[in-house]
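S.K.: In this note's numbering, the protein residues as written are 9 to 134. Dumping the structure here so I can ask a few things about it.
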């Protein structure tokens with residue numbers, strides 16, 4: 009491969025790869041996520057220096073949901089979104105739509121006893 013080509017097939021660091029495919033805005037944010045235990049490769053928690061190669065399964069915990077990616081190719085440089093999408097296979101299951109249960113308008117004051125009971129009923133806390 010050409011030294012200038014960002015597309016590669018050799019193993020690269022997980023934090024660098026997550027940054028390159030645009031999961032995280034910065035490489036330091038990817039490193040922090042690895043340190044916090046939010047990144048798993050083949051079901052093992054990894055450090056930022058862990059390498060990934062094509063075929064590895066990467067699970068990323070973002071805002072309470074797991075994102076499952078299969079590595080197709082490794083990247084070391086950040087690329088555009090269409091090119092980055094070709095570097096992984098997204099196996100994330102579809103999220104269930106989350107309804108806003110018991111959400112009140114800001115400044116509406118404290119809920120009445122009736123409203124509180126309705127909110128509890130909606131949330132399944134009979």
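Glycine included, every Cβ here is placed at the ideal spot set by N, Cα and C.
How many whole angstroms separate the CB atoms of residue 52 and residue 77, which I take to be in contact at a CB cut-off of 8 Å?
M.R.: As a working mapping, residue 52 is identified with position 44 in the chain shown. As a working mapping, residue 77 is identified with position 69 in the chain shown. Contact flag wrong, Cβ pair sits at about 15 Å.
S.K.: Is it true that the CB of residue 82 sits closer than 9 Å to the CB of residue 20?
M.R.: The residue you call residue 20 lines up with position 12 of the chain shown. The residue you call residue 82 lines up with position 74 of the chain shown. Yes, they are a contact pair.
S.K.: Just to check my reading of the structure: residue 61 and residue 79 have Cβ atoms closer than 8 Å, yes? What is that Cβ distance to the nearest angstrom?
M.R.: Here residue 61 corresponds to residue number 53 of the chain shown, with the count starting at 1. Here residue 79 corresponds to residue number 71 of the chain shown, with the count starting at 1. Sure, about 7 Å apart at Cβ, within 8 Å.
S.K.: For residue 39 and residue 56, which I take to be in contact (beta-carbon distance under 8 Å), what is that distance rounded to the nearest angstrom?
M.R.: By one-based count along the chain shown, residue 39 stands at place 31. By one-based count along the chain shown, residue 56 stands at place 48. Indeed they touch by this definition, with Cβ atoms about 4 Å apart.
S.K.: If I follow the unbroken beta strand (DSSP E) through residue 127, where does it start and stop?
M.R.: By one-based count along the chain shown, residue 127 stands at place 119. It is not in any beta strand (DSSP E) - residue 127 instead sits in the alpha helix (DSSP H) that spans 121-130.
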